[in-house]
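Visitor: Sharing a structure below in structure tokens format, with a few things to ask.
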Amino acid sequence: MRTEKIFAGKTLAILSGGGDTPAINSSIEAVRNRASMLGFKVFGVLRGWKGLLGDGDIVDLTNIPYNGIYGGTGLLSSRTNPFPSKKNPEDRSQQILRNIERYKIDVLVTIGGDDTNGAAKRMYETYGIPVIGFPKTIDNDLRTRTMHHYKGKQYETVLCPGFASGAMQIKKMAAKLHTTNESHQRIMVLEVMGRDAGWLTGTASFGGAQISLIPEVEMTKERKDFFFEFVKEKYMSSPTKSLIIAVSEGVRWWNEEKQMLDMVYASSDLDEYGHPRFGGVSGVIASEINKKLGVEARGQISGYIPRAGKCYEYDRRLTSTLADKVVDLLLREDYGKMPVMRDIVPYCELEEFHTDAIEMGNIGNFPLPELYYNANEFTFTEQYTDFLKNIIGEPYRMEFATQFPIVIPQE
Ligand code: F6P
Numbered sequence: 257m258r259t260e261k262i263f264a265g266k267t268l269a270i271l272s273g274g275g276d277t278p279a280i281n282s283s284i285e286a287v288r289n290r291a292s293m294l295g296f297k298v299f300g301v302l303r304g305w306k307g308l309l310g311d312g313d314i315v316d317l318t319n320i321p322y323n324g325i326y327g328g329t330g331l332l333s334s335r336t337n338p339f340p341s342k343k344n345p346e347d348r349s350q351q352i353l354r355n356i357e358r359y360k361i362d363v364l365v366t367i368g369g370d371d372t373n374g375a376a377k378r379m380y381e382t383y384g385i386p387v388i389g390f391p392k393t394i395d396n397d398l399r400t401r402t403m404h405h406y407k408g409k410q411y412e413t414v415l416c417p418g419f420a421s422g423a424m425q426i427k428k429m430a431a432k433l434h435t436t437n438e439s440h441q442r443i444m445v446l447e448v449m450g451r452d453a454g455w456l457t458g459t460a461s462f463g464g465a466q467i468s469l470i471p472e473v474e475m476t477k478e479r480k481d482f483f484f485e486f487v488k489e490k491y492m493s494s495p496t497k498s499l500i501i502a503v504s505e506g507v508r509w510w511n512e513e514k515q516m517l518d519m520v521y522a523s524s525d526l527d528e529y530g531h532p533r534f535g536g537v538s539g540v541i542a543s544e545i546n547k548k549l550g551v552e553a554r555g556q557i558s559g560y561i562p563r564a565g566k567c568y569e570y571d572r573r574l575t576s577t578l579a580d581k582v583v584d585l586l587l588r589e590d591y592g593k594m595p596v597m598r599d600i601v602p603y604c605e606l607e608e609f610h611t612d613a614i615e616m617g618n619i620g621n622f623p624l625p626e627l628y629y630n631a632n633e634f635t636f637t638e639q640y641t642d643f644l645k646n647i648i649g650e651p652y653r654m655e656f657a658t659q660f661p662i663v664i665p666q667e
């Protein structure tokens, strides 16, 4: 009988980089538990790639309790890019190599989106560092090559840990907003994170948002005119005389003053991956609606709410399932890969036999498929609804059901 665990004497390190999600601690816990069982000593690298710069900032995760339900990341995060960028032209990848050697790290698991895993891919391709990427993003725009089967057809779609929890928050937020909105018979413009993709914005439709604008479809001058007409009609025909319009923070919106398509920035400062920070387009759209249609409109930024709070059940099970695939990759010493779901499945079918692993070289951004959005009606299609139902259940909307009889004065 073999008494020693297969990876005894080896060390696996985990890092998390980029914007946090409610599912990162769950991913860390799931990978840590499985790696420990295989015999690895498990380290945590603090603040993403930053924790492997300089002297390193490493903690031991092997035998300590870990709360995987608590959202965010216990390993902390940063948007550090070890490779040269506009913001920081210095190539710091040698520092990473040095620390991987100093801390005797045999395998590195990088929990991240396109940026963090893009850097991991370069570390793997350039220096042969044994890395396994682990997907995460509430934006759901990291290519996972997941297939969505619907009515006998299949479409390439995306499923990233973090999206389900973020989606639950946006669905709830949109559903709640109706009460105040209906009371004032307003149009509420709900801004949702998503620089380049409208995956998360679509989830507001499950809380009853009637109209949506996404970054994939530019709001040119002509489309804006059409949009205002559409909003007017929809508002007038709405039984409550109120509307919720969900809008991605990164929507390309025609700027009358500048006479060009533009985005609304919260800060022009770029991070180390070249991204600016968006914020405020909801206010701009609300004020234009107000001016053009004479209807009271308000902007509401959902901001960090979808990133905040606990990890929801779907994400919890998804992260465990993908961590099972990490075990498979470790056992086969198959590095430079990222575990993914092969198919879109409901909660009860999140099982390892539905997983796959894609080459880190194939990692990149993946926008919302055209089939998921109807640009003429500014709504999400039945295909998208079916996709999302698998992940967060049925659409939900509270309603004030009472109808008041109208009182006519007695002459
Ligand atoms: O991680 C991506 C994201 O959620 C984007 O949708 C958003 O623009 C960005 O994070 C904001 O991140 P932060 O303000 O934390 O840098």
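Residue numbering for the sequence shown follows this note's numbering, beginning at 257 and increasing consecutively. Think of the CB as a built atom: it goes at the ideal place given N, C-alpha and C, for glycine as much as any other residue.
Starting from the C-beta of Ala-579, find all residues in its chain whose C-beta is less than 6 Å away, skip the five residues before and the five after it, and write them out in chain order.
Guide: Closer than 6 Å at Cβ, skipping near neighbours: Ala-286, Val-287 and Arg-290.
Visitor: Suppose you measure from the CA of Thr-400 to the CA of Gln-659; what does that come to, to the nearest Å?
Guide: Roughly 48 Å separates the two Cα atoms.
Visitor: Give the range of the alpha helix (DSSP H) segment to which Leu-585 is assigned.
Guide: It spans 569 to 587 - the alpha helix (DSSP H) in which Leu-585 sits, taken as one unbroken run.
Visitor: Excluding sequence positions up to five away, which residues of its chain have a Cβ less than 6 Å from the Cβ of Asp-525?
Guide: Cβ within range, chain order: n/a, list empty.
Visitor: For Ser-349, which residues from the same chain have a beta carbon less than 8 Å from its beta carbon, with the 5 sequence-adjacent residues on both sides left out?
Guide: Around Ser-349: Pro-338, Phe-339, Arg-378, Met-379, Thr-382 and Tyr-383.
Visitor: Between Thr-393 and the ligand F6P, is there a pair consisting of the residue's CB and a ligand heavy atom that are separated by less than 8 Å?
Guide: Correct: Thr-393 has its Cβ closer than 8 Å to the ligand F6P.
Visitor: Using only the alpha-carbon positions, how far apart do Ile-270 and Phe-296 sit?
Guide: So the alpha carbons of these two residues sit roughly 12 Å apart.
Visitor: Between the Cα of Val-596 and those of Lys-497, Leu-317, Phe-390 and Met-424, spot the shortest distance and give me the residue it belongs to.
Guide: Looking at the Cα atoms, Phe-390 is the closest of the given residues.
Visitor: Pairs of beta-carbons, one from the segment 269 to 284 and one from the segment 324 to 339, closer than 8 Å: are there three or more?
Guide: The answer is yes - the segment 324 to 339 touches the segment 269 to 284, with three or more Cβ pairs under 8 Å.
Visitor: Which partner residues does Ser-523 have in the DSSP bridge list?
Guide: BP columns for Ser-523 point to Arg-533.
Visitor: Hey, would you say the C-beta of Gly-275 is under 8 Å away from at least one heavy atom of the ligand F6P?
Guide: True, at least one ligand heavy atom lies under 8 Å from that Cβ.
Visitor: If you measure between the beta carbons of Leu-586 and Ala-423, is that distance less than 9 Å?
Guide: Against a cut-off of 9 Å, the Cβ pair of Ala-423 and Leu-586 comes out as no contact.
Visitor: Would you identify the three-state DSSP class for Ile-636, choosing helix, strand or coil?
Guide: Note on residue identity: the sequence assigns Phe, not Ile, to residue 636. Strand, per DSSP.
Visitor: Would you identify the three-state DSSP class for Pro-391, choosing helix, strand or coil?
Guide: Pro-391: strand per DSSP, three-state reduction.
Visitor: Do you know offhand how far Ile-352's Cα is from Gly-307's?
Guide: So the two alpha carbons sit approximately 9 Å from each other.
Visitor: Under the assumption that Met-594 contacts Asn-373 (Cβ atoms under 8 Å), give the Cβ distance between them as a whole number of angstroms.
Guide: Their Cβ separation, rounded to whole angstroms, is 7 Å, which keeps Met-594 and Asn-373 in contact under 8 Å.
Visitor: Counting along the chain, where does the beta strand (DSSP E) carrying Gly-617 start and finish?
Guide: Where Gly-617 is concerned, there is no enclosing beta strand (DSSP E), given that its DSSP letter is neither H nor E.
Visitor: Check whether the Cβ atoms of Pro-651 and Gly-463 sit closer than 9 Å, and answer yes or no.
Guide: It is a contact, given that the beta carbons lie within the stated cut-off.
Visitor: What's the gap between the Cα of Tyr-568 and the Cα of Thr-575?
Guide: Tyr-568 and Thr-575: Cα-Cα distance of roughly 11 Å.
Visitor: DSSP state of Met-594, grouped into three classes?
Guide: If DSSP states are grouped into helix, strand and coil, Met-594 belongs with the strands.
Visitor: Please tell me whether Gly-384 has its Cβ less than 9 Å away from any Cβ of chain B.
Guide: Absent from the structure: chain B. Only one protein chain is present.
Visitor: Just the C-alpha distance for Leu-517 and Lys-432, rounded to the nearest angstrom, thanks.
Guide: Near 32 Å, if we compare the C-alpha coordinates of Lys-432 and Leu-517.
Visitor: Excluding the 5 residues flanking Glu-615 on each side, which residues of the same chain have their C-beta closer than 7 Å to its C-beta?
Guide: Around Glu-615: Gly-592 and Lys-593.
Visitor: Any chance the segment 485 to 502 sits against the segment 450 to 467, with 3 or more Cβ pairs inside 8 Å?
Guide: Contact between the segment 485 to 502 and the segment 450 to 467 is present, because at least three Cβ pairs lie under 8 Å.
Visitor: Looking at Gly-555 and Gly-539, is the spacing between their C-beta atoms short of 9 Å?
Guide: Contact: yes.
Visitor: Using a Cβ-Cβ cutoff of less than 6 Å, which residues in the same chain neighbour Leu-398 once the five nearest sequence positions on both sides are dropped?
Guide: The residues are Gly-369, Asp-370, Pro-391 and Cys-416.
Visitor: Consult DSSP for Leu-398 and reduce its assignment to one of helix, strand or coil.
Guide: Note: Leu-398 maps to strand in three-state DSSP.
Visitor: Which two residues bound the contiguous alpha helix (DSSP H) that contains Ser-349?
Guide: That run of the alpha helix (DSSP H) goes 349 to 358.
Visitor: From the DSSP output, read off the bridge partner residues of Thr-382.
Guide: BP columns for Thr-382 are empty, so no partner.
Visitor: From Ser-272 to Met-293, what does the alpha carbon distance come to, in whole angstroms?
Guide: Those two C-alpha atoms are separated by around 21 Å.
Visitor: Tell me the residue span of the alpha helix (DSSP H) that contains Met-429.
Guide: Where Met-429 is concerned, the enclosing alpha helix (DSSP H) stretches over 419 to 440.
Visitor: Closest to Leu-624 by CA distance: which of Phe-609, Cys-604, Thr-476 and Gly-454 is it?
Guide: Looking at the Cα atoms, Gly-454 is the closest of the given residues.
Visitor: Along the chain, where does the alpha helix (DSSP H) that runs through Met-293 open and close?
Guide: First-last of the alpha helix (DSSP H) with Met-293: 280 to 293.
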